[in-house]
Structure formats: C-alpha cells, structure tokens
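Chemist:
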Ligand SMILES: NC(=O)c1ccc[n+]([C@@H]2O[C@H](COP(=O)([O-])OP(=O)(O)OC[C@H]3O[C@@H](n4cnc5c(N)ncnc54)[C@H](OP(=O)(O)O)[C@@H]3O)[C@@H](O)[C@H]2O)c1
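Residue numbers (our numbering): 16 to 359.
1. For residue 186, which residues in the same chain have their Cβ closer than 7 Å to its Cβ, ignoring the five residues on either side in sequence?
2. Residue 145: beta carbon under 7 Å from a heavy atom of ligand 1?
3. Between 139, 117, 351, which has its C-alpha nearest residue 45's C-alpha?
4. Under 8 Å, do residue 175 and residue 183 count as touching if we go by C-beta distance?
5. Just the C-alpha distance for residue 64 and residue 341, rounded to the nearest angstrom, thanks.
6. Identify the continuous alpha helix (DSSP H) that holds residue 200 and give its terminal residues.
7. Cutting at 8 Å between CB atoms, please list the residues of its own chain near residue 224, excluding the five before and the five after it.
8. For residue 308 versus residue 67, is the C-beta spacing smaller than 8 Å?
9. Thinking just about the alpha-carbon of each residue, which of 39, 32, 20 is nearest to the one in residue 26?
10. Flag this pair as touching only if the region 120-130 and the region 46-56 have three or more C-beta atom pairs under 8 Å; answer yes or no.
11. So who's on the other strand from residue 165, going by DSSP bridges?
12. Kindly indicate which residue of 349, 354, 75, 332 has the alpha-carbon position closest to the one of residue 41.
13. So, does the region 80-88 touch the region 105-116, judging by three or more C-beta pairs under 8 Å?
14. Residues in the same chain with beta-carbon distance under 6 Å from residue 339, minus the five sequence neighbours each way, listed in chain order, please.
15. Counting pairs of Cβ atoms below 8 Å between the region 193-202 and the region 280-298, do you hit three or more?
16. With a threshold of 8 Å on Cβ separation, who are the neighbours of residue 103 within its own chain once the five nearest residues in sequence on each side are excluded?
17. Within a Cβ cutoff of 6 Å, which residues of the same chain sit near residue 70, ignoring the five residues on either side of it in sequence?
18. When you compare only the Cα positions, how much space is there between residue 178 and residue 283?
19. Can you name the residues that DSSP bridges to residue 234?
20. Cβ of residue 138 versus every heavy atom of ligand 1: is any distance shorter than 7 Å?
21. What runs of the alpha helix (DSSP H), each 4 residues or longer, lie entirely inside the region 95-156?
22. Taking C-alpha atoms, which residue in 139, 260, 231 lies nearest to residue 237?
23. From the DSSP output, in three-state form, read off residue 208 for me.
24. Report yes if the C-beta distance between residue 111 and residue 105 is below 8 Å; otherwise report no.
25. Assuming residue 228 contacts residue 165 under a Cβ cut-off of 8 Å, what Cβ separation, rounded to an integer in Å, is found between them?
26. Per DSSP, what kind of secondary structure is residue 39 in: helix, strand or coil?
27. What is the residue span of the alpha helix (DSSP H) that residue 326 lies within?
28. Measure from the alpha carbon of residue 198 to the alpha carbon of each residue in 257, 219, 348, then state which is nearest.
29. For the candidate residues 215, 262, 139, 296, whose alpha-carbon lies nearest to that of residue 310?
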C-alpha cells in the first residue's frame, strides 16, 4: 500500500458457521478528502471483538448488519490527520468507529477525545474502554457481589472476563475462572489473582468446578454458554445472579441443535433457586455511567489493582485471521490490531 492509499477490509460474503478468510476482502482506495465540517482520521489501532460475528450475519439483532461489500465495523484509536471540524485539532488522538481500514472520514459524531498524555492508547479499546465497562457494570449492577460470595467467570483471561474476576477479588469474593487451556488458567491465578481457574477442555470440568466452588456459585458472569453453562448450572446457589453478557460458544453455530431440549429443566432450576438472570447490551443500558467507570477504573489501574493483558496483531491485513482465531479462543488477552503508529 502506498502512502496515498487507504487499505480496507470489507465483508465479501456472509459466513455460514465459522467465518473463513473468503468472507473478507482486502481493498485499496485513494485516501478520502474531508469536506467542510469533516476530518480525516488515521487508524492507529483497531479493536477486534466477538460482537463483530453478529454484524457479519443478517439475522435480526440489536444492531444492523454490515452490508456485503462494506467496511467491517470496529472501534479504533485514531489520529486526526486533517481537520475541518472546530472541535478537533490535527494530531490529537481520538476514540472512533472507523472500522477495519487505515483512514476514515468523520463528522465528529460518536468520536471522543483521548487524553494527550495517554501512555498506552490501545487500552482505550480494552480495560479503560468498552470491554472494561462491560465487566464493571455487568458485575456490579447485575451481579452485585458481596464479600465472601463465590463468583465464576468464563473466558476468564479475555478482555471482559479478566476484569470481571479482578473486580470481584477487589470486592472480597472467592473467584473461579474458566478458560481454554492450562496456560490461560495459570495466568488467571498467577497474574490476575483468581483463586482458581478451570480448563473448559478438561473432560472433568464439572467435577473440577464443583471442587473449586465448595460453597456453590453466587454469581456466574456468562460470556460463553454451551458446556461451560452446563457445568455451572448444578452449582448455582439460591438467589444467585447471572449477568448474561455473551454466548460466544454459539456465535458460529446459532442454529445448531443442542440435543434434547432442556429449556424447562433449566428454567426449573432458575425458579426453584430464585436465580436472577439479566441480559444487557452495555452502551444501550448503561451508557450514562461511562464517566463513572472511567474514573474508578483509571484509579484502580494506576494503583496496580487491575492487571491487563493485550494480544497485539501487527498489520490490518492480518485482521481477518486474528478475528477468526478469536472465535476459537486463540487470542490470549484483549485482541487489538496495530494498524499504524501515532505521531507524537
Ligand atoms: N453484552 C455486552 O454488551 C457485551 C459487551 C462486550 C462483550 N460481550 C461478550 O463478552 C464475551 C467476552 O468478550 P471479550 O471481548 O472479552 O472476548 P475475549 O474473552 O477477549 O475473547 C473471546 C474468548 O472467548 C472464548 N471462547 C471462544 N469460543 C469459545 C467456545 N466455543 N467455548 C468457550 N469459550 C470460547 C475464548 O477464551 P477461552 O480460550 O478461555 O475459552 C476466547 O479467547 C463475549 O461473549 C462477548 O460477546 C458482551
């Protein structure tokens, strides 16, 4: 790509099942020129998140799908290259929704200033941004942890799960993670301070989880569904809470038959144990609390109370394979694509 071209990743076709590289297409176009009231943003880093699998599909959802041929959606940290907008100055870093491309035009809507002294701009896409906010609100508002309770979280080393577990520790809970593989589980305990972490690929998952939760489960932060949920279900305590954040195990397979229909059995357990389950879509439900979250999380983070791990992929052209890997648990930490370098 030359300096005058914009590299973009567009949706080439809708996946059936797991996405493949053929569902994406790399394109170049001339760098667009901003009109009056617009600015040109250059992408520094791009967040890759599980919700993007939903946008690749045209099944009804809470947000419209990406049209075939359009640039894939995504949050970015971008630098203002040219500004014809009175609120934004050339050189500043912003949080925007530029998508999977090197450059984007913007009229400033949905674009947020980032602090000039931000040491790690990509953290605005993770622990200090949407995933951290999701963990914070889901756990504290829906889970409502009380010291001494047992909290279980799936995808425990991921962008959301790792923050959920660490906040639960700060609240004095017994925290058990569930993650894919021994390396991730070791990191949850040794680096992030979880009390235990169980590998969901271990055939003894149910027994191991029961041993790690001798007093049952008071809060299950649901990121995954599938076999993980099956293992959690018998251990739920009376008046337990389930912040229903995501169900990544079925994103590639929404229509797959799950065997015998166990809905009424599951509902029966919820009824008898007075389980409170609440789904949420972070910005739709809690948007006005973002400032409170940023203040509290920045304090915890600066004080070293929250640890954070990123999985950085170099180059926009590698975004499709990295995203496909995210849906199979190949990322270890918040998945971010380094697209460019900020001029500071
Ligand atoms: N409700 C909301 O507003 C909201 C906002 C943000 C995120 N979310 C949801 O939160 C969840 C976590 O998102 P994230 O951004 O933090 O992603 P992440 O945990 O950083 O990455 C996804 C992880 O999911 C796990 N996974 C993938 N396929 C799996 C499968 N078939 N079975 C079990 N685990 C699987 C993998 O971890 P392991 O290798 O450890 O299994 C993978 O690393 C997702 O379900 C996402 O959709 C919801």
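Note that beta-carbon positions come from the ideal geometry of N, C-alpha and C, so glycine has one too.
Modeler: In this structure, then:
1. For the purposes of this step, residue 186 is taken as residue 171 along the chain shown, with counting starting at 1. Cβ neighbours of residue 186 beyond the five flanking positions: 160, 162.
2. Sequence index remark: in the chain shown, residue 145 carries index 130 (1-based). Under cutoff, so the answer is yes.
3. Stepping through the chain shown from its first residue, residue 45 is reached at position 30. Closest option to residue 45, Cα to Cα, is 117.
4. Translated into the one-based positions of the chain shown, residue 175 becomes position 160. Translated into the one-based positions of the chain shown, residue 183 becomes position 168. Going by C-beta atoms, residue 175 is not nearer than 8 Å to residue 183.
5. Looking up residue 64 in the chain shown gives position 49. Looking up residue 341 in the chain shown gives position 326. About 8 Å.
6. In the chain shown, counting from the first residue as 1, residue 200 sits at position 185. 197-205 is the span of the alpha helix (DSSP H), which, as asked, contains residue 200.
7. Taking the chain shown and counting its residues from 1, one reaches residue 224 at position 209. Taken in chain order, the residues that qualify are 167, 191, 193, 213, 246, 247, 250.
8. To locate residue 308, count along the chain shown from 1; it is residue 293. To locate residue 67, count along the chain shown from 1; it is residue 52. Not a contact, by the Cβ cut-off of 8 Å.
9. In the chain shown, residue 26 corresponds to position 11, counting from 1. Minimum Cα distance to residue 26 is reached at 39.
10. yes
11. Residue 165 sits at position 150 when you count from the first residue of the chain shown. DSSP lists 189 as partners of residue 165.
12. By 1-based counting over the chain shown, the position of residue 41 is 26. Measuring from the Cα of residue 41, the nearest candidate turns out to be 332.
13. yes
14. The residue given as residue 339 occupies position 324 in the chain shown. Around residue 339: 34.
15. no
16. Here residue 103 corresponds to residue number 88 of the chain shown, with the count starting at 1. Result list for residue 103: 54, 95, 109, 123, 126, 128, in chain order.
17. Within the chain shown, numbered from 1, the residue matching residue 70 stands at position 55. Excluding residues within five positions, the ones whose Cβ falls inside 6 Å are 80, 81, 88.
18. What you label residue 178 is simply residue 163 of the chain shown in a count that begins at 1. What you label residue 283 is simply residue 268 of the chain shown in a count that begins at 1. Their Cα atoms are separated by approximately 31 Å.
19. Taking the chain shown and counting its residues from 1, one reaches residue 234 at position 219. Paired residues: 166, 256.
20. By one-based count along the chain shown, residue 138 stands at place 123. No, since every heavy atom of ligand 1 falls outside the 7 Å radius drawn around the Cβ of residue 138.
21. 145-152
22. What you label residue 237 is simply residue 222 of the chain shown in a count that begins at 1. Minimum Cα distance to residue 237 is reached at 260.
23. In the chain shown, residue 208 corresponds to position 193, counting from 1. Residue 208: coil per DSSP, three-state reduction.
24. Here residue 111 refers to the residue found at position 96 when the chain shown is read from its first residue. Here residue 105 refers to the residue found at position 90 when the chain shown is read from its first residue. Not in contact: residue 111 and residue 105 (Cβ atoms no closer than 8 Å).
25. Your numbering for residue 228 matches position 213 in the chain shown. Your numbering for residue 165 matches position 150 in the chain shown. Yes, residue 228 and residue 165 are in contact; Cβ-Cβ is about 5 Å, under 8 Å.
26. The sequence position of residue 39 within the chain shown is 24, counting from 1. Residue state, collapsed to three classes: strand.
27. Walking along the chain shown from the start, residue 326 turns up at place 311. Element bounds for residue 326: not the alpha helix (DSSP H) but the beta strand (DSSP E), 325-329.
28. Indexing the chain shown from 1 puts residue 198 at position 183. Of the candidates 257, 219, 348, the one whose C-alpha sits nearest the C-alpha of residue 198 is 348.
29. Mapped onto the chain shown, residue 310 falls at position 295. It is 139.
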